[in-house]
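**Q** Before I ask anything, here is the structure I am working with.
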Amino acid sequence: MASIEKLPMLAEGYERLIAELRALREERPKIVDAIEEARAHGDLSENAEYHAAKERQGQVEASIADLEDKVSRASIIDPTSLSGDRIVFGATVTLLDEDEKPVRYQIVGPYEADAKVGRISYNSPLGRALIGRRVEEEIEVTVPSGDRFYLVNKIEFI
C-alpha cells in the first residue's frame with residue numbers, strides 16, 4: 001500500500017492554499033455560465049468563446065484537484081513551538097556568506113518558498129544543506145550560480 005507523504009508547511013502557507021482553493025471553487029459557476037452562454041451562440045466548432053471557457057474549466061478543475069491534494073496532506077508546523085540546537089523545518093537561520101555578510105532565511109515548504117523575502121524550501125539545495133546543521137558549522141552548497149560557502153551564525157524558532 002502506498003503511503004501518503006505529508007507536506008510540512010507553516011500556518012500562513014496553509015491559509016494561502018485554502019484561500020486559493022476557495023477562489024477557484026467560486027470561479028466554477030462563472031465558467032459554467034460562460035460555457036452555456038457560448039453554447040447559445042450556435043456552432044461550437046468555430047466558437048472561440050466556448051473553447052476558451054472549456055479550456056479554463058479544465059485548468060480550474062486541475063488546479064482544484066492539486067490544491068485539495070496538498071491541503072489533505074498538509075502537516076502544519078508552528079516554528080514557535082520548536083526548539084533545539086539544530087536547523088529543522090520552520091527555523092529561521094542567519095548565515096554568514098564568504099564576505100562575512102549576514103543572510104537570513106526561514107526553512108519552509110516548497111509551496112511557500114520565496115527567496116526574495118527570505119523563505120527557502122527545505123527541498124532547495126541550500127535548504128537540504130542546512131537541515132540538521134548547528135551554529136558554527138560551515139556549509140558548502142552548489143547552486144546554479146556556482147559553489148557557495150556559508151557559516152551558520154544563529155538559529156531561531158520565531
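For the sequence shown, position 51 (counting from the first letter as 1) is numbered 51 according to the working numbering, and the numbering increases by one without interruption. Glycine is no exception: its CB is placed at the ideal position from the N, C-alpha and C atoms.
(1) Could you check the C-alpha separation between A11 and I77 for me, to the nearest Å?
(2) With H, G and I counted as helix, E and B as strand and the rest as coil, what does DSSP make of V117?
(3) So Y14 is in the alpha helix (DSSP H); what residue range does that whole segment cover?
(4) Excluding five sequence neighbours on each side, which residues of the same chain lie with their C-beta closer than 7 angstroms to the C-beta of V71?
(5) Just curious, the alpha helix (DSSP H) that A53 is in, first and last residue?
(6) For I31, tell me which candidate among D43, A48, R39 and R56 has the shortest Cα-Cα distance.
(7) Decide yes or no for the touch test of the stretch 93-106 against the stretch 142-154: beta carbon pairs closer than 8 angstroms, at least 3 of them.
(8) Could you give the first and the last residue of the continuous beta strand (DSSP E) run that contains G146?
(9) Once DSSP output is grouped into helix, strand and coil, what is the label at P8?
(10) Taking contact to mean at least 3 C-beta pairs separated by less than 8 angstroms, is the stretch 79-92 in contact with the stretch 118-133?
(11) Taking 8 angstroms as the cut-off, does the stretch 138-146 touch the stretch 116-129 (at least 3 CB pairs, one atom from each stretch)?
**A** Walking through what the data contain:
(1) Sequence index remark: in the sequence shown, residue 11 carries index 11 (1-based). Sequence index remark: in the sequence shown, residue 77 carries index 77 (1-based). Going by the C-alpha atoms only, they are around 7 angstroms apart.
(2) In the sequence shown, the residue the question calls residue 117 occupies position 117. Correct three-state label for V117: helix.
(3) The sequence position of residue 14 within the sequence shown is 14, counting from 1. It spans A11 to R39 - the alpha helix (DSSP H) in which Y14 sits, taken as one unbroken run.
(4) Locating residue 71 in the sequence shown gives position 71, where the first residue counts as 1. Closer than 7 angstroms at Cβ, skipping near neighbours: L17, I18 and L21.
(5) Locating residue 53 in the sequence shown gives position 53, where the first residue counts as 1. Counting along the chain, the alpha helix (DSSP H) containing A53 begins and ends at A48 to S72.
(6) On the sequence shown, position 31 is the one that residue 31 refers to. It is R56 whose Cα lies nearest to the Cα of I31.
(7) yes
(8) What you label residue 146 is simply residue 146 of the sequence shown in a count that begins at 1. Start and end: G146 to E156.
(9) Sequence index remark: in the sequence shown, residue 8 carries index 8 (1-based). Three-state result, P8: strand.
(10) yes
(11) yes
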